[in-house]
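> In this text, residue positions in the sequence shown follow the numbering used here: the first is 263, and each later residue adds one. For every residue, glycine included, the Cβ atom is placed at its ideal position computed from N, Cα and C. Here the structure is a predicted model, which means the values were calculated and not measured.
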Amino acid sequence: MKKVLVSYITHSGTTRDVAEAVAEELGKAGCEAEAVQLDQVKDLSAYDAVVLGAPMIIGWHRGAIKYLKKHNAELQQKPLALFMTGMSLVDSAKPDLPGVDIHIDKKFSVAPQNSARLTYKENFSTIRNYLAPVTKVAPKSLAAVAVFGGRLDMYRLKWYDALFVMLVVGAKPGEKRNWPDIRAWAAALPALLKMA
């Protein structure tokens, strides 16, 4: 049985909930999977594959980016999937990442006001913008990336994060997680990670 680490960073529990659902679906698919908060992960050697999830606040969580940089050599040896939770995603062309499956929750993505010319806020919330810093540091073992809606509780954010989310991204508090889509992506992970 393949062992999969589903690691996550969370501010308010939203990304943890997604990680736990991903681990549960991997278990149903025949893997041994556990959801572990990223700062509790001490050793990757026991795992056959890694899934890492974190929220989008001012870009993908800095802790997740740092982890990819610091553990790049170790992660290079294991199939890797990443997921992001956020509150705003503008429908735009996916970046060309050969060998990487990019999944976007269709209910989460919204059309731009003018597809010929994106506004500053819209440009900030495109998949290309979200993935650019991630793909610079991700190991070559990256096989899959998913972007899901999250849940936003402004009172749980630091004041500068809340200000950024309101003014730059224009996100409104609420629930945007699409559980059937999250679970379907997780159920497909063994094939995407070539573990099936």
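1. Classify Leu451: buried if its beta carbon has 16 or more other beta carbons within 10 angstroms, exposed otherwise.
2. Between Asp279 and Pro442, what straight-line distance do the alpha-carbon atoms span, to the nearest angstrom?
3. May I have the straight-line CA-CA distance separating Leu337 from Ser354, to the nearest angstrom?
4. Could you tell me the distance, in whole angstroms, from the CA atom of Gly412 to the CA atom of Leu351?
5. Spell out a yes or no on whether the stretch 398 to 405 and the stretch 325 to 333 are touching, meaning 3 or more CB-CB pairs, one atom from each, closer than 8 angstroms.
6. Closest to Met346 by C-alpha separation, out of Met457, Arg439, Ala453 and Lys456, would be which residue?
7. Going by Cα to Cα distance, which pick from Thr381, Leu342, Ser371 and Arg379 is closest to Asp363?
8. According to DSSP, simplified to helix, strand and coil, what is Ala400?
9. Is it the case that the Cβ atoms of Lys369 and Asp310 are separated by a distance below 8 angstroms?
10. Determine the extent of the alpha helix (DSSP H) in which Leu288 is found, giving its start and end residues.
11. Put Gln375 into one of helix, strand or coil per three-state DSSP.
12. What residue from Gly361, Ile319, Lys356 and Leu359 has the CA that sits closest to Met349's CA?
13. Pick helix, strand or coil for Ala382, following the three-state DSSP scheme.
14. When you compare only the Cα positions, how much space is there between Ala283 and Tyr270?
15. Excluding the 5 residues preceding and the 5 following Pro317 in the sequence, name in chain order all residues of the same chain whose CB lies nearer than 8 angstroms to its CB.
16. Grab the span of the beta strand (DSSP E) containing Pro359 for me, first residue to last.
17. Alpha helix (DSSP H) containing Ala449: first to last residue?
18. Based on Cα-Cα distance, which residue from Ile389, Leu359 and His365 lies nearest to Ala373?
This is what the structure holds:
1. buried
2. 13 angstroms
3. 29 angstroms
4. 11 angstroms
5. yes
6. Arg439
7. Leu342
8. coil
9. no
10. Thr276 to Lys290
11. coil
12. Ile319
13. The question names Ala, but residue 382 in the sequence shown is Tyr. Tyr382 falls in the helix class under three-state DSSP.
14. 12 angstroms
15. Ile271, Thr272, His273, Thr276, Thr277, His323, Met346, Thr347, Gly348 and Gly412
16. Sequence check: residue 359 is Leu here, not Pro. Neither: Leu359 is in no beta strand (DSSP E) and is coded neither H nor E.
17. Trp441 to Leu454
18. Ile389
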